[in-house]
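Worksheet: one structure, shown below.
Number of protein chains: 2
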Amino acid sequence: MTKVSVLYPNGANTKFDMNYYLAKHIPMVKQKLGSACKEVAVEEGIAGGVPGAAATYVAMAQLAFDSINAFQAAFGPHAEAIMGDIPNYTNVKPVVQISEVKMWRGLEP
Amino acid sequence: MTKVSVLYPNGANTKFDMNYYLAKHIPMVKQKLGSACKEVAVEEGIAGGVPGAAATYVAMAQLAFDSINAFQAAFGPHAEAIMGDIPNYTNVKPVVQISEVKMWRGLEP
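Just so you know, the sequences run in chain order A and B. Residue 23 in the working numbering is what sits at position 23 of the first sequence, and the numbering runs on without skipping anything. Each number in the working numbering corresponds to the 1-based position in the second sequence with 1000 added.
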């Protein structure tokens, strides 16, 4: 199983419209990716790991797929529409990472 | 719901023993945190977001709790044991972030 992480860096000038992201962007992404996308999680950064530290990422999303090929096949045809929506909710460029799931809900995937 | 993300930066000299992490570290963490920890996910970084790019993080873990207070109450007494185990599997310092879950398995939390 493959997870795609989309991490939005936090900073003094970072803007991120979580309402738009949850109400418009993520539903559009889910509609475009269809059944290839098995799960979506979204979090809002609250704090860093030590007292008083800011969160490194203002928002994070994780999308699960059966495989990297399943992700690429689903995402490729819609990459432009999905990426083109980013300026509608943030002024930062996300860090994107593709990972292999080693543990899933506390169990082997 | 609160998620704690633990992100291990990738680099030319990064070492990360995924076998130890899955077989020893995560089970120890789950045992110490007990029922306060609702879910654990672990991923291994495979690639970045553009062709040929390396993953930003060699490994990522997410731990779910009912609230930030539940996390702090469970983690505090065991922080030293948990943090002290880190050099047994990696030579990098993780980025830690506390986040509020906005979407969970594709649904509101």
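Cβ atoms here follow ideal geometry from the backbone N, Cα and C, with glycine treated the same way.
Where the beta strand (DSSP E) through residue i begins and ends
i, result
"A1047(B)", "1039-1048"
"L1007(B)", "1002-1009"
"V92(A)", "Looking at the DSSP string, V92(A) is not in any beta strand (DSSP E), and its letter there is neither H nor E."
Presumed contact (8 Å Cβ cut-off) between residue i and residue j, rounded CB distance
i, j, result
"E1043(B)", "K38(A)", "The Cβ separation is near 14 Å, so there is no contact."
"G49(A)", "Q1097(B)", "7 Å"
"M103(A)", "L1022(B)", "6 Å"
Residue j beta carbon less than 7 Å from that of residue i
i, j, result
"Y1008(B)", "A1059(B)", "yes"
"V1006(B)", "A1061(B)", "yes"
"T1056(B)", "V95(A)", "yes"
"V29(A)", "I82(A)", "yes"
"A36(A)", "A74(A)", "yes"
"S67(A)", "I1046(B)", "no"
"A1054(B)", "N1010(B)", "yes"
Min CB distance residue i to chain B below 7 Å
i, result
"V40(A)", "yes"
"K3(A)", "yes"
Span of the alpha helix (DSSP H) around residue i
i, result
"M60(A)", "Careful: M60(A) lies outside any alpha helix (DSSP H), inside the beta strand (DSSP E) at 57-65."
"L1022(B)", "No alpha helix (DSSP H) holds L1022(B); DSSP gives it neither H nor E."
"I86(A)", "Per DSSP, I86(A) belongs to no alpha helix (DSSP H) and is neither H nor E."
"N69(A)", "68-75"
Residue-chain proximity (residue i, chain A), Cβ-Cβ < 7 Å
i, result
"L1063(B)", "no"
"I1046(B)", "yes"
"A1055(B)", "yes"
"E1080(B)", "no"
"G1049(B)", "yes"
"K1024(B)", "no"
Bridge partners - residue i, DSSP secondary structure assignment
i, result
"M103(A)", "V1042(B)"
"Q97(A)", "S5(A), G1048(B)"
>> Closer than 7 Å between beta carbons: that is the criterion. Which residues of the segment 1086-1108 of chain B meet it against chain D?
In response: Among the protein chains in the structure shown, which are A and B, there is no chain D.
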